[in-house]
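Have a look at the structure below before the remarks.
Numbering (our numbering), first residue to last: 2 to 107.
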């Protein structure tokens with residue numbers, strides 16, 4: 002019984018936090034916008050020069066992820082009101098569609 006209580010005390014906060022998006026340390030203090038583009042939810046942290054775009058939701062197959070890079074640019078533009086610079090998308094891992102960085106022209 003004690004082990005179950007301990008598990009629940011640890012597991013519930015972790016589950017609550019798993020649905021949250023937070024910016025990278027260098028984007029702390031930037032503006033936040035939540036947008037949906039073609040049915041995919043994104044959280045965008047932005048300042049005048051760049052945007053960090055976090056795809057929200059669950060697992061996507063490789064085929065489903067093919068369209069996400071273009072949607073990252075659109076999400077950055079919608080949330081920031083600035084134009085995203087073509088070809089500026091970077092990710093931490095090649096092909097990662099979970100988090101992307103885009104340069105902005107404001």
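All C-beta atoms, glycine included, are put in the ideal place defined by N, C-alpha and C.
This one's a predicted model, so the numbers in the text were calculated from it and none came from an experiment.
In the DSSP annotation of this structure, the continuous segment of the beta strand (DSSP E) that includes residue 106 starts and ends at 100–106. If you draw a 10 Å sphere on the C-beta of residue 44, you find 16 or more other C-beta atoms in it, and that means buried. The DSSP-derived three-state label of residue 74 is helix. In the three-state reduction of the DSSP assignment, residue 27 falls in the helix class.
Setting aside the 5 residues that flank it on each side, residue 89 is surrounded in the same chain by 103 and 104, each with a C-beta closer than 7 Å to its C-beta; the list follows chain order. Residue 41 and residue 57 have their C-alpha atoms roughly 7 Å apart. The secondary-structure analysis by DSSP pairs residue 86 with nothing; it has no beta-bridge partner.
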